[in-house]
Amino acid sequence: QVTLRESGPALVKPTQTLTLTCTFSGFALSTSTMCVTWIRQPPGKALEWLARIDWDDEKYYSTSLKTRLTISKDTSKNQVVLTMTNMDPVDTASYYCARIRRLQSGSYIDFWGLGTLVTVSS
Amino acid sequence: QTVVTQEPSLTVSPGGTVTLTCASSTGAVTSGYSPNWFQQKPGQAPRALIYTTSNRHSWTPARFSGSLLGGKAALTLSGVQPEDEAEYYCLLYYGGAGVFGGGTKLTVL
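These protein sequence lines map, in sequence, to chains A and B.
Each residue of the first sequence is one higher than the one before, counting from 1 in the numbering used here.
Each residue of the second sequence is one higher than the one before, counting from 123 in the numbering used here.
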């Protein structure tokens, strides 16, 4: 049974750095084809893809946010960490992590976490 | 900046058929973009429906189908049920990085 759970601060101040952790079970990120991605959704708005890390440590970032994002993994803890620097009120959103399967035929998300709401305010 | 475009809203009658589309600002969508489709209901996390253009997940009802149509990715719902009222998002991959569409709000009326 695959599960993912996001954790991190509910409130951050402008200019601070946000650190979010995705803790997962039911699969190993050291196994071929396994990847984890981060996605966010501002209240009432659309989903926005942020970053992804693959089993072979390949990393991909959103073009518009890549200067502010860092993704990393700790396979021994079954965790993926996302950091976002210089937070702004427009970064207020629910942040989701999800599992990606990377196959020869393409990549796809199958399982999602429940998300965690992060508010940026002084 | 790559933009993925979906219809903002569509309305369908119960039992009817509706097609949602997903276009890329870079040109025609092909299977190489690994089109994914997701359903999201208010207050819930998204749920995966379709992957790599036309494959259903084990939990996806058969009334949902994916395809390529006129240079776009498409999601067709046949025999729409009231519980299909939701927001639908497509996701395309560009060299490993993903871009979501703006979502389609589907109303069943």
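Ideal Cβ placement from N, Cα and C applies to all residues, glycine included.
Interface with chain B (8 Å Cβ-Cβ cutoff): Leu47 of chain A is included. In this structure, Thr31 of chain A lies away from Val81 of chain A, with their beta-carbon atoms at least 8 Å apart.
If you look at Met87 of chain A, you'll find it isn't in any beta strand (DSSP E); DSSP assigns it neither H nor E. The bridge partners DSSP lists for Lys163 of chain B come to none.
At least one CB of chain B lies nearer than 8 Å to the CB of Arg52 of chain A. Beyond the five residues adjoining it in sequence on each side, Leu11 of chain A comes within less than 7 Å, by CB distance, of Thr119, Ser121 in the same chain, given in chain order.
What Thr148 of chain B touches in chain A, judged by beta-carbon distance under 9 Å, is nothing: the nearest beta carbon there is about 12 Å away. Glu58 of chain A sits in coil when the DSSP states are folded into three classes, being neither helix nor strand.
At a cut-off of 8 Å between beta-carbon atoms, Tyr215 of chain B makes contact with chain A.
As DSSP reads the structure, Ala46 of chain A sits in no beta bridge. As the crow flies, the alpha-carbon of Arg99 of chain A is around 23 Å from that of Thr124 of chain B.
Just so you know, the alpha carbons of Pro136 of chain B and Pro204 of chain B end up roughly 6 Å apart. Glu6 of chain A sits in a strand when the DSSP states are folded into three classes.
Between the alpha carbons of Thr175 of chain B and Arg5 of chain A lies a distance of about 27 Å.
Within 10 angstroms of the beta-carbon of Ser180 of chain B lie fewer than 16 other beta-carbons, which makes it exposed. When Cβ pairs closer than 8 Å are counted between the two stretches, the segment 136 to 148 of chain B is seen not to touch the segment 164 to 174 of chain B, the count staying below three. Counting only Cβ-Cβ distances below 9 Å, Gly225 of chain B has contacts in chain A at Lys45, Ala46, Leu47, in chain order. By the C-beta density criterion, Val90 of chain A is exposed, having fewer than 16 other C-beta atoms within 10 angstroms.
The beta carbon of Ser153 of chain B falls within 8 Å of a beta carbon belonging to chain A, placing the residue at that interface.
Contact between Leu29 of chain A and Leu50 of chain A does not hold, since the beta-carbon distance rounds to 17 Å and is not under 8 Å. Distance from Tyr210 of chain B to Leu197 of chain B at the Cβ level is roughly 6 Å; contact confirmed, criterion being Cβ atoms closer than 8 Å. For Gly106 of chain A, the three-state secondary structure derived from DSSP is strand. Ser64 of chain A belongs to the set of residues whose beta carbon lies under 8 Å from a beta carbon in chain B.
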